[in-house]
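K.L.:
Quick one: the structure is below, questions incoming.
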Amino acid sequence: MTAHTPAPTRDPDRLAEDLCAALLTPRDAAEMRRLLLDLCTPAEIRTLAERWHVARLLDGTDLSYRDIHEATGVSTTTIVRVARFLKQEPHQGYRRALDASKEPADA
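140 is the number of the first residue of the sequence shown in my numbering; add one for each residue after it.
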């Protein structure tokens, strides 16, 4: 992979590609945490973490949306959105991450 000199852009696709490349650079959870602390506000990190937690609960438990809301404080609107992306949307980002997180570390 060769480094390139960034050029100013407003192109959302290019911005997203650059962000994805940056998110792939940490070698472990500690490095990822440091990147997220620099990249995101505490509220943004909390929002992302809550969505991930909800996805894990929806995938790994039989809790109802209401039960998840009451246990976590996450809004039912967010829970419904996560469920929709987990079960219906074509991106399958949650699904792939959930499956990968279940694999043994040495796999």
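Idealized CB from N, CA, C, for every residue including glycine.
Grab me the residues of Leu163's own chain with a C-beta within less than 8 angstroms of its C-beta, minus the 5 sequence neighbours each way, in chain order.
P.N.:
Result list for Leu163: empty, nothing under 8 angstroms.
K.L.:
Nearest to Phe247 by alpha carbon, out of Ser203, Asp157, Thr200 and Trp191?
P.N.:
Here the chain comprises residues numbered 140 to 246, so residue 247 is not present and cannot be evaluated.
K.L.:
Excluding the 5 residues flanking Arg205 on each side, which residues of the same chain have their C-beta closer than 8 angstroms to its C-beta?
P.N.:
If we look at Arg205 and ignore the five residues flanking it on each side, its Cβ neighbours are Thr215.
K.L.:
For Gly232, I'd like the list of residues in its chain whose CB is within less than 8 angstroms of its CB, leaving aside the five on either flank, ordered along the chain.
P.N.:
Phe224.
K.L.:
Please state if the CB of Asp198 and the CB of Leu237 are separated by a distance shorter than 8 angstroms.
P.N.:
Taking 8 angstroms as the Cβ cut-off, Leu237 and Asp198 qualify as a contacting pair.
K.L.:
Going by alpha carbons, who is nearest to Ala188 out of Gly212, Pro151, Ser203 and Arg153?
P.N.:
The shortest C-alpha separation from Ala188 is found at Gly212.
K.L.:
Within the same chain, show all residues whose beta-carbon is closer than 6 angstroms to that of Ala194, passing over the 5 residues directly before and after it, in chain order.
P.N.:
These residues qualify, in order along the chain: Val221, Leu225 and Tyr233.
K.L.:
Quick check: what's the CA-CA separation for Arg153 versus Leu174?
P.N.:
One C-alpha to the other measures close to 20 angstroms.
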